[in-house]
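Per our numbering: the sequence shown = residues 1 to 295.
Each residue gets a CB set at the ideal place from its N, CA and C atoms; glycine is no exception.
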Amino acid sequence: MPFIETYRGTVNRWEVDNVDHFTVAFYFARLEDATAGLLDAIGLGRDALIASGRAVSLVDCRVRYLKELRVGDILHIQSGVIRMDDDSLTIGHEVHDSGEGKLCTAVEQRMQLAKPGTRDPLRFGPETRAAAERYRVDWQGEPAPTSQHPPAGDDTGFIDTARDVVKPSEIDAFGLAAISAYIHRFSAANAHVLAAFGLTPAYLRDKGRGLSTFEFRLAFTGVLREGDVARVRSGLLHVGTSSMRILHRMTNGRTGALVSTLEQAGVHLDTAARRPAPLPDGLRARARAMLLLGK
């Protein structure tokens, strides 16, 4: 079965960041559209879910950013089912630059059926599994590189990078914070963790530099609702010549419960040449001194 088209649109000027390309939170807003389109095709559309007292929640997600999109670029997304069992549904999205005909982004999402407003899992029925099989695709994903994280609950070396309240406009149809709401906060957290070792906004502006992301590994362990406090603490997992891996942990600021983690890989970008640039020696040394798991 070929992929089905689930989104087609453009990159608007207000959707680019200080690196002058498509902001990752708006990628995720488009991916939410694409996911809704595929779920509707297999009988798990919004109306059907609400009528049956069920919801679909994202468990984890891996995103590989292969080519940047910039203001005015046009894009479309093709989606399909990678695998399906009683407990989870894994879907794939390919984001294409429609103007150049090139693959920009590859996304794998693992989802579960759940009670609305919770992450209490439910099992997929045989009708849904049969419908999903009709949209199964041959997914050409690459294995994720191995990665080590500090133990859960160990905050040694993490710094505070974001804290605010979930707004009514950020809530989805099932009463929970939408995925893009998490990503906006993780993006804001980046600025603080970069500034901690010298990649301040002033440095980035003066030197013509930025952080360009090439991979996300996102996971959800809890939920946020309207009025909840979202708190992010972040640290560095790896620092190379121009590359770095950042680990963000988001908790409910009132209860301390972990709700989401993001491991983000990116490069120190020359924004004029649109190529990775080596980190200055002094900044690299400061960054390596912050590593969560040692040098």
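query                                                                                                                                         : result
Looking at C-alpha atoms only, which residue of V71, V223, R233, A144 is the closest neighbour of M188?                                       : The residue asked about is misnamed: residue 188 is Ala in this sequence, not Met. A188 has its Cα closest to that of R233, out of V71, V223, R233, A144.
V107 by DSSP, collapsed to three states: which one?                                                                                           : strand
Quick check: the Cα distance between R129 and L113, rounded to an integer number of angstroms?                                                : 12 Å
Is it buried or exposed, N190, if we count other Cβ atoms within 10 angstroms and call 16 or more buried?                                     : buried
If you scan the stretch 216-293 from start to end, which runs of the beta strand (DSSP E) of 3 or more residues do you find wholly inside it? : 229-239, 243-252, 258-270
Quick check: E127 and G43, are their CB atoms within less than 9 Å of each other?                                                             : yes
Give the DSSP-derived three-state secondary structure of D86 in the structure shown.                                                          : coil
Who are K102's beta bridge partners in DSSP?                                                                                                  : D97
Measuring only the C-alpha atoms, how far is S79 from V259?                                                                                   : 27 Å
Is Y65 helix, strand or coil by DSSP?                                                                                                         : strand
Check whether the Cβ atoms of W139 and E108 sit closer than 9 Å, and answer yes or no.                                                        : yes
CB L176 to CB S57, shorter than 9 Å?                                                                                                          : yes
Taking the C-alpha atoms as reference points, what is the distance between R217 and T146?                                                     : 12 Å
Given this structure, state the Cα-to-Cα distance separating L279 from H268, to the nearest angstrom.                                         : 7 Å
What three-state label does DSSP hand L194 in the structure shown?                                                                            : helix
Using 8 Å as the threshold, is the stretch 147-158 in touch with the stretch 64-84, meaning 3 or more CB pairs across them?                   : no
Take M181 as the anchor and find which of R245, Y203, D164 has the nearest alpha-carbon.                                                      : First, the residue type needs correcting, since residue 181 is Ala and not Met in the sequence shown. Nearest C-alpha to A181: D164.
Helix, strand or coil, according to DSSP, for H184 in the structure here?                                                                     : helix
Can you look up G208 in the DSSP assignment and give me helix, strand or coil?                                                                : coil
For M290 versus A196, is the C-beta distance shorter than 9 Å?                                                                                : yes
Which runs of the beta strand (DSSP E) spanning at least 3 residues fall entirely within the stretch 153-177, listed in chain order?          : 159-165
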